[in-house]
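Below: the structure, in structure tokens.
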Ligand code: ZN
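In the working numbering, the protein residues as written are 4 to 247.
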């Protein structure tokens, strides 16, 4: 069983389509999405439709939840807030209902716990080894999958509760060892923030007991052009070129 994992698409259908082609080439059996299907990007309806049709499990991100929750939207900065207003106006009722019904976390049948932020805390950012250890202690699952930070991350916690930060760049493969627990973040499909503009995704191969991270180029200019013609904030278009 090979599981593809994507997150933080943020309405960038150009990046999403490249990632889905790569996952198909990788022969994955299933794809799951850790949330933020929309927000920031120019293709909210198309991304909702594609994710709904291609993912077996989709978790709600804070941008997805904010569409129906003023309290969540209240935490947004002005740029995110105006992009969310733009997004809400362009989603049809079916997409909106689907996005608002997504679970905030859920276990996958193969064992991993799928979250947007952290287990039991969908808006928390898991950025440090300490955050990862806290997340792993908050859940008994052997593998926890988180998005939200837009930065790929892999941590290993062994029986002594020591958390080790693992190398997790394009092409890296992490063997899943017995007795160890792991936290992975696949990075962002549509708005990476780790100084790498390429779309990010990960694969877990349960037969081989290994996880891998992948980066893929997409036509950033096509998404930027769509954002500019939609009148979305210029800084959102600019940041895609550098991945910050
Ligand atoms: Zn996000």
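All C-beta atoms, glycine included, are put in the ideal place defined by N, C-alpha and C. Source: prediction; values computed, not measured.
Nearest by alpha-carbon distance to residue i: which of the options is it?
i	options	result
residue 62	93, 32, 74 and 122	122
residue 244	78, 18 and 7	18
residue 130	153, 58, 11 and 213	153
residue 14	23, 140 and 48	48
residue 114	226, 209 and 233	209
residue 169	135, 20 and 109	135
residue 236	194, 16, 21 and 44	44
residue 225	198, 214, 212 and 193	193
residue 144	176, 230, 164 and 185	185
residue 109	147, 183 and 31	147
Once DSSP output is grouped into helix, strand and coil, what is the label at residue i?
i	result
residue 156	strand
residue 73	helix
residue 113	coil
residue 230	helix
residue 82	helix
residue 24	helix
residue 188	strand
Between the C-alpha atoms of residue i and residue j, what's the straight-line distance to the nearest angstrom?
i	j	result
residue 79	residue 202	23 Å
residue 77	residue 125	16 Å
residue 205	residue 223	20 Å
residue 66	residue 96	17 Å
residue 155	residue 9	11 Å
residue 187	residue 69	24 Å
residue 218	residue 100	31 Å
residue 24	residue 37	18 Å
residue 137	residue 111	21 Å
residue 196	residue 190	8 Å
residue 172	residue 214	12 Å
residue 94	residue 75	18 Å
Terminal residues of the continuous beta strand (DSSP E) containing residue i?
i	result
residue 180	Note, residue 180: premise wrong, no beta strand (DSSP E); not H, not E.
residue 166	166 to 168
residue 215	213 to 219
residue 5	5 to 9
What residue range does the alpha helix (DSSP H) around residue i cover?
i	result
residue 50	47 to 57
When the Cβ atoms of the stretch 102 to 122 are set against those of the stretch 143 to 153, are three or more pairs found closer than 8 Å?
-> yes
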